Every structure is written in structure tokens, then in C-alpha cells.
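Inspection log for the structure reproduced underneath, given as C-alpha cells.
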Amino acid sequence: MRYFPTLLFLLCACTTVQPVKNFTLKTHPVYVIEPKPGRILLLNTYNVAAEKYRDNKEELFIKFIDSMLAISAIEIKEREGISTQVLRGHTPISASGDSSIYSLLKKHGCTHAIAVTNLKIIFDQTGVDVTKTPTGKEREANYNIVCDVDFKFYTLQELYKQTNIHRSGYHSSRNVISGLLAAGPNIVVQRKDAWKIARECLEAYLNMFFEGR
Numbered sequence: 199m200r201y202f203p204t205l206l207f208l209l210c211a212c213t214t215v216q217p218v219k220n221f222t223l224k225t226h227p228v229y230v231i232e233p234k235p236g237r238i239l240l241l242n243t244y245n246v247a248a249e250k251y252r253d254n255k256e257e258l259f260i261k262f263i264d265s266m267l268a269i270s271a272i273e274i275k276e277r278e279g280i281s282t283q284v285l286r287g288h289t290p291i292s293a294s295g296d297s298s299i300y301s302l303l304k305k306h307g308c309t310h311a312i313a314v315t316n317l318k319i320i321f322d323q324t325g326v327d328v329t330k331t332p333t334g335k336e337r338e339a340n341y342n343i344v345c346d347v348d349f350k351f352y353t354l355q356e357l358y359k360q361t362n363i364h365r366s367g368y369h370s371s372r373n374v375i376s377g378l379l380a381a382g383p384n385i386v387v388q389r390k391d392a393w394k395i396a397r398e399c400l401e402a403y404l405n406m407f408f409e410g411r
């Protein structure tokens with residue numbers, strides 16, 4: 199028995215370690231659309247200009263939404279083989295709202311529609327750490343990046359599902375004079391991080407209705 203540990207060590211030493219190969223698993227959607235869409239209209243009904251953003255934030259959000267619609271078209275085609283029609287820019291709808299969507303569906307020969315109805319990306323202060331120093335106090339504010347995207351999914355006859363997708367996570371910290379008056383990071387400057395979280399929201403939404411990976 200005293201030779202067993204040595205034998206085990208030699209056997210392990212002679213074993214070739216095989217790398218784990220990458221593989222993809224498919225995920226099933228939360229909602230199964232029946233009958234399967236024949237053609238999907240992708241549009242933006244959120245009027246970003248009405249928010250009167252400053253610092254080029256309006257232009258950035260418009261680009262984000264256009265990119266989300268374009269990516270959705272590619273993803274839906276690759277995942278389900280469903281064709282799409284993308285309407286770039288803001289699509290105004292009448293006071294009747296849903297009736298305008300049904301008219302657009304018929305106009306573009308689509309059986310379903312996905313509309314982005316709102317996009318919000320902000321930096322939220324989660325707290326201020328105060329540290330005593332020989333000359334007084336230092337304050338460091340912490341910020342999360344937060345994204346909310348609202349979608350509406352239509353059939354030819356009805357609003358099938360209204361959905362809010364929310365994502366948030368730690369972003370950064372900075373020294374401040376006063377926690378109450380401290381301004382967070384600028385969304386336009388941090389556009390890469392803003393787009394990353396918006397893309398995560400889009401992926402989560404698509405996985406609700408289409409086969410994911």
C-alpha cells in the first residue's frame with residue numbers, strides 16, 4: 199500500500215490534458231410566437247429630439263437605436279430565417295398609437311412589428327466613500343451605468359407584448375467635493391460603455407422571442 203501514492207502520481211504525470219473545445223448551446227425563447235412571423239417590421243417610435251438633450255446626447259441615442267434595429271434584423275434572420283423591414287430614424291405615430299402601427303404593417307407587407315418606444319442610459323451615483331486625511335476629508339463617489347429600453351411587439355391584430363429591459367452595473371468612481379453636487383460621467387464621452395450595455399439589453403430582449411445562443 200505504501201507504493202500506491204507514488205504510482206498514482208506517476209499515472210497522473212503521464213496523463214495528457216486535453217483542452218476543452220468551444221461549443222454553442224441554443225436557448226429557447228420565453229415566448230413562443232404562433233403562428234411564426236412571416237415578416238417583421240422594425241421601427242423606432244421614441245422621439246429622442248423631444249427630450250432636448252445636450253452635449254450631442256440626442257445624436258448618440260438616435261445612432262444607438264438605428265444600430266439596435268439593424269442588428270435585430272441580422273439576428274432575427276440568422277436565428278429564425280425571418281425576413282425584416284427596418285425603418286431608420288424616428289417614425290411618428292398618431293394619437294391613436296397602435297392603429298398607426300397596424301397601418302404600417304399593412305403598408306410594408308409585414309405580419310409583426312417590433313418598436314423601440316424608449317431608451318434611457320444614465321450614470322447613477324450609488325454612494326460616496328468618505329476618508330479622513332491630515333488636511334480634512336476626501337470624498338469618492340461611485341457610479342453605476344444604467345440602461346432601460348422599452349419595446350412593443352405587435353401582430354396584425356393586437357399589441358402582443360410590451361416589455362422593459364433593464365440592465366445596470368458598476369462603472370467607475372471619482373473624487374468629488376460634495377456628493378450631493380457631484381456630476382457623474384458623461385454618456386457621450388463614455389459612449390463605448392453606453393453602447394455595450396444597450397447591446398446587452400437588446401440581446402436579452404431578442405432572447406425572449408427568438409432562439410438564442
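Each residue of the sequence shown is one higher than the one before, starting from 199 at the first, in the working numbering.
Using N, Cα and C, we set each Cβ at its ideal position, and we do this for glycine too.
From a predicted model like this one, the values you see are computed outputs, not experimental measurements.
Item                                                                                                                                             : Value
My understanding is that I319 touches I269, with C-beta atoms under 8 Å, so please give their C-beta distance in whole angstroms.                : 16 Å between Cβ atoms; not a contact.
Assuming T315 and K350 are in contact, meaning their beta carbons sit under 8 Å apart, how far apart are those beta carbons, in whole angstroms? : 6 Å
Give the straight-line distance between the Cα atoms of A293 and Y403, rounded to the nearest whole angstrom.                                    : 26 Å
Tell me whether I272 is buried or exposed, calling it buried when 16 or more other Cβ atoms sit within 10 Å of its Cβ.                           : exposed
Assign Y244 to one of three DSSP states: helix, strand, or coil.                                                                                 : coil
Report the three-state DSSP secondary structure of Y341 (helix, strand or coil).                                                                 : strand
Identify the continuous beta strand (DSSP E) that holds L285 and give its terminal residues.                                                     : S281 to H288
If you run the structure through DSSP and keep just helix, strand and coil, what is F262?                                                        : helix
Quick one: what's got a C-beta closer than 8 Å to K304's C-beta in the same chain, skipping five residues either side?                           : L354
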